[in-house]
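Residue numbers (the numbering used here), protein chains in the order written: chain A, 10 to 347; chain B, -18 to 150. All C-beta atoms, glycine included, are put in the ideal place defined by N, C-alpha and C.
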């Protein structure tokens, strides 16, 4: 018989406030889940809930950020994430600039700081940053003018906070009490910024039990300090869980021999309908996308009744609207105080 | 802070009767009712029952439509709007607790038009107070109250409903 642990003995250490919180304790930049209090995460989920109703309108936008300019700075290609950020900004009535750095003037020798200063001179109010280096969003947040907010759209193997929050939002829609949940995150934890953000978010929201499941080669050192239980056997790891979060096998980051082959990985760690039967009958299956069908999971599972993968995509817009409006509100507060 | 010595439910009942008369006069038989969060929804629930409206009560949160977002930020207690019907070409009764500057009603109308084009919008409020900043008035108002500078009036509820006047910070 299994019991639900609250893993209090391994609870994450409280860290000091970061650059992302303003003097009123409100979200100023959204760089990482780590270090944010539960109140801010819950508020983001609540505000996103309201934004879902916007899609029921004939006119699917609200005037909240009318006249503001949001710049998507993508140093690494990602059509899906950029599109949802762009749509979120447009649904808030902001003007959007999409800058694909590899095709921009950085190739002409312009430095990053020069580029930021130029974009600031164009009266940009927010940067959404995607970068292959961990810490890039934090670096940019530390360099921008005080009235500008930065949102991290994925930095190296550090964090991808809006993806984690849309996952939390999707879980809460189906299973509102996090303390009663047993969640398993399965797959390439070593390279996954999404997983790091998810672990911090689930811990902060008070999840009942959190498991990670992967071959030893794909589990980063020190992972157990994040308050998770580590399983190397998929069947054991997903037994009786309420939520299974599958991670994408990041082929582009597999420079070492982390797995023998994709076929063998699927045999040992691929999610199939037979394996899902080991979890709770109402288990939710999630994946941040894009799915490698036949590697992380069967098509029958990806498209099956337990899958909430497309809901995750829809919820991405509402969560990004919430993050943007919360960060912009901090700026409004600062102006009101001035 | 002081409690206004008024029987709020009796005033809501009077609002309902006034609405019934006005709608009959305008030959509107099937209006839709929409309450503005939070106090407006409490009052609308009473009126909806009293008028025996068939279709569900709609609720509106105007936080995303406020014209002062860039000055004061967003209300942290946002509640989702829910209009479980099409408002296109329908007669709407918009319900709020207090009509003050008129900016909330303007925001509510902006939001409603993002859902569709109604045939008409009627406005019913419990309290109409001084301080209008926009050319908006109520079709039905139970109480007209003049406050001194710095005073605000607030509906407490949902059960029991009561009005208090307090000094704004």
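Spell out the partners DSSP gives residue 101 (chain B) in its beta bridges. B:72
Does the beta-carbon distance from residue 176 (chain A) to residue 295 (chain A) come in below 8 Å? yes
Within the chosen definition, does the segment 83 to 90 of chain B reach the segment 120 to 130 of chain B through at least 3 CB pairs nearer than 8 Å? Remark: fewer than three beta-carbon pairs, one from each stretch, lie closer than 8 Å, so the segment 83 to 90 of chain B and the segment 120 to 130 of chain B are not flagged as touching.
Same chain only: Cβ atoms within 6 Å of residue 147 (chain A), ignoring 5 sequence neighbours per side: 40
Please look up how many angstroms separate the CB atoms of residue 81 (chain B) and residue 100 (chain B), rounded, as I've assumed it's under 8 Å. Actually they are not in contact, since the Cβ atoms of residue 81 (chain B) and residue 100 (chain B) sit about 27 Å apart, beyond 8 Å.
Amino acids of chain B, ordered along the chain, whose beta-carbon sits closer than 9 Å to that of residue 58 (chain A): Within 9 Å Cβ-Cβ: 59, 60 and 61.
Looking at chain B, which residues of the segment 72 to 87 of chain A have a Cβ within less than 7 Å of any of its Cβ atoms? Contact annotation: in the segment 72 to 87 of chain A, residues whose CB is within less than 7 Å of a CB in chain B are 72 and 73.
Continuous alpha helix (DSSP H) assignments of at least 4 residues falling wholly in the segment 176 to 257 of chain A: 202 to 213 and 243 to 247
Chain A partners of residue 97 (chain B), CB-CB under 7 Å? Think of a sphere of 7 Å around the beta carbon of residue 97 (chain B): the chain A residues whose beta carbon falls inside it are 67, in chain order.
Proximity of residue 134 (chain A) and residue 78 (chain A) at Cβ, strictly below 8 Å: yes
Backbone secondary structure at residue 53 (chain A) - three-state DSSP: Here DSSP, grouped into helix, strand and coil, assigns residue 53 (chain A) to helix.
Against chain A, does residue 66 (chain B) count as a neighbour if the rule is that its beta carbon must be under 8 Å from one of theirs? no
Does the distance from the CB of residue 221 (chain A) to the CB of residue 203 (chain A) come in under 8 Å? no
Backbone secondary structure at residue 89 (chain A) - three-state DSSP: If DSSP states are grouped into helix, strand and coil, residue 89 (chain A) belongs with the helices.
Tell me the DSSP bridge mates of residue 136 (chain B)? B:144
Rounded to the nearest angstrom, what separates residue 17 (chain B) and residue 2 (chain B) at their Cα positions? 23 Å
Is there a Cβ from chain A that is less than 8 Å from the Cβ of residue -2 (chain B)? no
Residue 82 (chain A) bridges to which residues according to DSSP? A:108 and A:138
Would you kindly work out how many angstroms separate the C-alpha atoms of residue 136 (chain B) and residue -14 (chain B), rounded to a whole number? 12 Å
Pair every Cβ in the segment 309 to 317 of chain A with every Cβ in the segment 93 to 113 of chain A, then say whether three or more of these pairs are closer than 8 Å. Contact fails: fewer than three Cβ-Cβ distances are below 8 Å.
Given 7 Å as the limit, tell me if residue 105 (chain B) has its C-beta closer than that to any heavy atom belonging to the ligand PLP. Within the structure as shown, the ligand PLP is missing, as the structure has no ligands at all.
Let me know if residue 242 (chain A) comes out buried or exposed under the rule of 16 or more other beta-carbons within 10 Å of its beta-carbon. exposed
If you follow the alpha helix (DSSP H) that residue 85 (chain B) is part of, which residue opens it and which one closes it? 84 to 96
Let's test the definition: count the other Cβ atoms within 10 Å of the Cβ of residue 33 (chain B) and tell me whether it reaches 16, buried, or not, exposed. exposed
Short check: CB of residue 228 (chain A) to CB of residue 199 (chain A), under 8 Å? yes
When the Cα of residue 301 (chain A) is compared with those of A:280, A:288 and A:285, which residue comes out closest? It is A:280 whose Cα lies nearest to the Cα of residue 301 (chain A).
Residue 55 (chain A) to residue 269 (chain A) span [Cα, whole Å]: 43 Å
To the nearest angstrom, how far is the alpha carbon of residue 76 (chain B) from that of residue 22 (chain B)? 7 Å
When you compare the CB of residue 62 (chain A) with every CB in chain B, is at least one pair closer than 8 Å? yes
Could you tell me which of B:138, B:-10, B:112 and B:118 sits nearest to residue 132 (chain B), measuring between CA atoms? B:112
Does the separation of the CB atoms of residue 160 (chain A) and residue 332 (chain A) fall below 8 Å? Against a cut-off of 8 Å, the Cβ pair of residue 332 (chain A) and residue 160 (chain A) comes out as a contact.
Using the C-alpha atoms, what's the distance from residue 39 (chain B) back to residue 0 (chain B)? 17 Å
For residue 46 (chain B), which of B:115, B:84, B:150 and B:141 has the nearest alpha-carbon? B:84
Rounded to a whole number of angstroms, what is the C-alpha to C-alpha distance between residue 98 (chain A) and residue -7 (chain B)? When the Cα atoms are used, residue 98 (chain A) and residue -7 (chain B) turn out to be separated by approximately 41 Å.
Please report the straight-line C-alpha distance between residue 259 (chain A) and residue 278 (chain A), rounded to a whole angstrom. 14 Å
Burial state of residue -10 (chain B), where buried means 16 or more other Cβ atoms lie within 10 Å: Exposed is the call here.
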